[in-house]
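Since the structure comes first, as C-alpha cells, the remarks are kept for the end.
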Amino acid sequence: MSTPAPDVVRSAYAQLAVTDLGAARWFWVDMLGFHVQYEDNSTLCLRGTDELTHHSLVLRRGEIAALDHISYRVRTPEDIDKAEKFFTDIGRPVKRVPRGAGTPGVGDAVRVIDPLGFPVEFFHGIDRAERLIQRYDLRRGAEIARLDHFNICTPDIPAAYAHYKSLGFGCSETIEGEGEHELYAAWMYRKQTVHDVAFTGGAGPRLHHLGVATHESHQVLRTADLFGALRKEHHIERGPGRHGVSNAFYVYLRDPDGHRVEIYTSDYYTGDPDHETYRWSVHDDRRRDFWGNAVIESWYKEATPVLDLDGNPKLVTDALLDESAVQVGADGLG
C-alpha cells in the first residue's frame, strides 16, 4: 500500500539565490512592483498586491545565481508529517526545518529533493500580511498581483507527470507527439487555475521560470514599455504575446542574474471535477505562441541551476526529447 501524499493547496513561494541583492531589488521591487515584507543584509521577502501571506518570493544573497527551493503550501500541519513520510518512503533526501531555522515568516516545514532532482519545501503555517488589494497608491511597475506557477526543466516529462499525479495534481494541458510516450510538456494544478507547475523538456533539473500574475494585459505591455523607456530593454527576452497553451497574455524577462520571470494574465478556471486535459500537437505552431511567433533559442536552452539541501549545485542530465528540435513553421529550432 502506497504512502498517502500530502494535501497540497497551491504553489506558495520560490527562493532564489542572487549575486547582487541591490540589483535584484531594483528589478523585482522597483520595476516589477513587488512589495517588500521583510529585509535584512542578505534577504528580501516580497509579495504581490493580492497576497495576504508573508511572501511569495524570497531573494537571498549567494555565491552563484540558483534556485534554492520552490515551496508548496499544504492544507494542515499534519500534511507536513505526511510529506516527510511520503518522500522518505520513496527514498528521497528529506530535511525537517523548524520555524525560525528556515525562511523568515514560514512555520515548520520539510524540504526534500524530489524524484526529479528539485529542492521542494512543504509547509502549512506562514505569517499573515497587511491587505493591499485596494492600496492603489502603492502600485508601481508591472503591478504584480500574486505568484501563479513554477516552470521547471526536466529531461523526463512522463516521469515528472507521474510524480505530480502521485501528489494529487490535475493536468490542464499537454504538448504531445504522435507516439505513445511522446510527451513534450505538461501543465498541472492544485489551485483552480491552469497550473501551479509546468514542465519544459530539457536538461535538468533547472528552473525555467517563475510565473507571476497581473490583472490586465495592459500591465504586461506597460512592463515592456518601462524597461524600454529606461534603456533596459535587454531584460526583455520574449514577447509580449499570447500563449496557445493556457491562453495567457505574457512577456518574459530576465533579472540581472539571468533568472527568468513570466508576467502572466488571462488564463482560465479548472475547478470542475470533470475538467478535461486539452492536448496540443507538437506540430501545432500556436502551442507556444497563439500568433505563431518564433520562440527564441535562449528560451528553450537557458535556465537556472538548482541547489541541493546542503546548498551545492546539482548535476544536470540531458533531455530524452527535445521539443525545440521539432520544426514547425516559425516555431522550433530544428
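Per our numbering, residue 30 is the first one in the sequence shown, and the count goes up by one each step. Every residue gets a Cβ at the ideal spot worked out from N, C-alpha and C, and that includes glycine. Bear in mind that the values here come from a model prediction, so they are computed numbers and not experimental data.
Can you grab the Cα-Cα spacing for the pair residue i / residue j, in whole Å?
i                 : j              : result
arginine 260      : aspartate 254  : 10 Å
threonine 306     : cysteine 200   : 6 Å
glutamate 150     : histidine 264  : 29 Å
arginine 316      : glycine 287    : 25 Å
alanine 138       : arginine 121   : 16 Å
glutamate 326     : leucine 61     : 24 Å
aspartate 314     : aspartate 337  : 36 Å
alanine 258       : alanine 188    : 44 Å
glycine 361       : asparagine 322 : In this predicted model, glycine 361 has a pLDDT of only 38, less than 50, meaning its place in the structure is not dependable enough to derive any value.
glutamine 44      : valine 311     : 32 Å
leucine 196       : glutamate 107  : 15 Å
glycine 363       : lysine 111     : Here the model assigns glycine 363 a pLDDT of 31, short of 50, so the residue's position is not dependable and the matter cannot be decided.
leucine 282       : glutamate 80   : 22 Å
histidine 83      : arginine 90    : 19 Å
glycine 230       : aspartate 156  : 35 Å
phenylalanine 319 : aspartate 303  : 26 Å
histidine 413     : methionine 217 : Residue 413 falls outside the range modelled here, since the chain spans only 30 to 363, and no answer is possible.
lysine 343        : aspartate 143  : 12 Å
valine 324        : histidine 272  : 11 Å
asparagine 70     : glutamate 92   : 15 Å
alanine 214       : tyrosine 298   : 20 Å
alanine 191       : leucine 145    : 11 Å
glutamate 68      : aspartate 301  : 40 Å
glycine 340       : histidine 98   : 10 Å
Please name the residue or residues paired with residue i in a DSSP beta bridge.
i                 : result
lysine 124        : Arg140
isoleucine 109    : BP columns for isoleucine 109 are empty, so no partner.
threonine 82      : Arg157
leucine 88        : Leu45, Leu73
phenylalanine 278 : Arg271, Thr294
phenylalanine 115 : According to DSSP, which records beta bridges pairwise, phenylalanine 115 is partnered with nothing at all.
methionine 217    : Cys200, Val226
serine 40         : Tyr101
tyrosine 67       : Cys74
valine 58         : Paired residues: none, contrary to the question.
isoleucine 265    : Leu282
glutamate 150     : Ser100, Arg140
alanine 95        : Ala46
Quick one, are the C-beta atoms of residue i and residue j less than 9 Å apart?
i                : j                 : result
isoleucine 292   : glutamine 248     : yes
arginine 251     : glutamate 266     : no
valine 47        : alanine 41        : no
proline 184      : alanine 232       : yes
leucine 176      : valine 241        : yes
arginine 164     : threonine 78      : yes
proline 334      : leucine 88        : no
tyrosine 193     : valine 226        : yes
serine 85        : phenylalanine 152 : no
phenylalanine 56 : proline 234       : no
aspartate 36     : threonine 132     : no
leucine 73       : leucine 50        : yes
aspartate 59     : glycine 170       : yes
glycine 154      : glutamine 66      : no
threonine 32     : isoleucine 109    : no
isoleucine 186   : phenylalanine 147 : no
Does residue i get closer than 9 Å to chain C when you measure Cβ to Cβ?
i          : result
leucine 96 : Protein chains in the displayed structure number just one, and chain C is not present.
Got a sec? Which residues, its chain only, sit under 7 Å from residue i by beta carbon, not counting five neighbours each side?
i           : result
leucine 161 : His64, Thr78, Leu167
valine 123  : Glu113, Phe116, Thr117, Val139, Val141
glycine 358 : Unreliable positioning characterises glycine 358 in this predicted model, as indicated by a pLDDT of 35, which lies under 50. A coordinate reading is not provided.
glycine 206 : Tyr213, Val311
alanine 94  : Ala46, Val47, Thr48, Asp286, Gly287, His288, Thr333
Taking 6 Å as the limit between beta carbons, can you name the residues of its chain near residue i, skipping five residues before and five after?
i              : result
alanine 277    : Tyr293, Ser295, Asp296
arginine 128   : Gly136, Asp137
serine 275     : Val223, Asp296
isoleucine 204 : Tyr213, Ala214, Trp309, Val311, Arg316
leucine 239    : Ala43, Val290
Less than 8 Å between C-beta atoms, sequence neighbours within five positions excluded: which residues of the same chain meet that for residue i?
i           : result
arginine 39 : Tyr101, Arg102, Arg219, Lys220, Asp225
Practice item. Please specify which runs of the beta strand (DSSP E), each continuous and at least 3 residues long, are wholly inside the stretch 225-261, giving them in chain order. Key: 226-230, 235-242
Practice item. Jot down the residue ranges of each uninterrupted beta strand (DSSP E) in the stretch 161-215, minimum 3 residues, whole runs only, in chain order. Key: 175-183, 199-205
Practice item. Mind listing, in chain order, the continuous beta strand (DSSP E) runs of no fewer than 3 residues lying wholly within the stretch 286-348? Key: 289-294, 307-310
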